[in-house]
Amino acid sequence: MDKNKQSMADHWLKLLFCLLVAVNTQVNGKGQELKIGGLNAYVTGPNNSKNAVILASDVFGYNVTHLREKGIEDAKPLIKALKSKGITKIGAAGFCWGAKLTVDLTKSPCVQAAVLLHPTHITNQDIAGVNVPISFLGGQNDTGSKTASPSALHQYVAILEAKRPKVDTYIEIFEGAKHGWTTKYNDTDAPAVERAAKARTKMLDWFNKYLK
């Protein structure tokens, strides 16, 4: 993995929130760390953007209790702060444990679109409460969590079928991918690098579709 991609992946793992301030901006790892809504955030993209995407990281680098129990309380001031800066549409992407926070944000809804990547610690009841378009990106060989398995992701889509067309869904299962495949992979493994790049494109395409 090149230095820029590694830097971005490291931020996803270390920080609870990473903001892509413009969803149509190519993320190259060049940004800055700011405090928004009382939270440390890594921000990249033009300052005049009206759209933002919150990336909720996985468990690494965070106290488990904080992530599971206080994530939504911390996210609300962040969203309020973003709106005070002129942001009109917000998306959220949840990686691993970050999926729980992301799903919670779709219920109010605090965000207008969501993407879940190898999600953990979510339930069918959580999914039933989703009220915005949501995309599921999973790994064929994801055994890291029952909630991230291909069968679980297909079940989530089935649960939301009754809410179409308001709650649009998309699902893609990536061949050969294991748990954590979008952020933790060997940069000498060409298929793994290609899968992660494709997932990133799919994520940005989803946000471009629903945040414009």
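So the sequence shown is residues -25 to -1, 1 to 187, counted in mature numbering (1 follows the signal peptide of the UniProt record, and there is no 0).
The C-beta atom is built at its ideal place from N, Cα and C for all residues, glycine as well.
- Assignment of beta-bridge partners to Y145 by DSSP yields S110.
- Looking from the CA of D101, the closest CA among P125, G113, G151, V132 belongs to V132.
- For A27, no alpha helix (DSSP H) run applies; the uninterrupted beta strand (DSSP E) run containing it begins and ends at 26 to 31, by DSSP.
- The beta carbon of S120 lies closer than 7 angstroms to those of T95, H154 in the same chain, with the five residues before and after it left out.
- Residue pairing by DSSP places V90 opposite A68, S110 in a beta bridge.
- Only exposed fits T98, as fewer than 16 other CB atoms lie within 10 angstroms of its CB.
- Straight-line spacing of the CA atoms in L9 and V18 works out to 7 angstroms.
- I11: not part of any alpha helix (DSSP H); member of the beta strand (DSSP E) spanning 7 to 11, first to last residue.
- Just measuring C-alpha positions, the residue of K138, K51, I62 sitting nearest N106 is K138.
- Per DSSP, Y160 is not a residue of any alpha helix (DSSP H), being assigned neither H nor E.
- Taking C-beta atoms under 8 angstroms as the contact rule, P108 and A88 qualify, at a distance of about 5 angstroms.
- Counting only the Cα atoms, L80 lies some 25 angstroms from K159.
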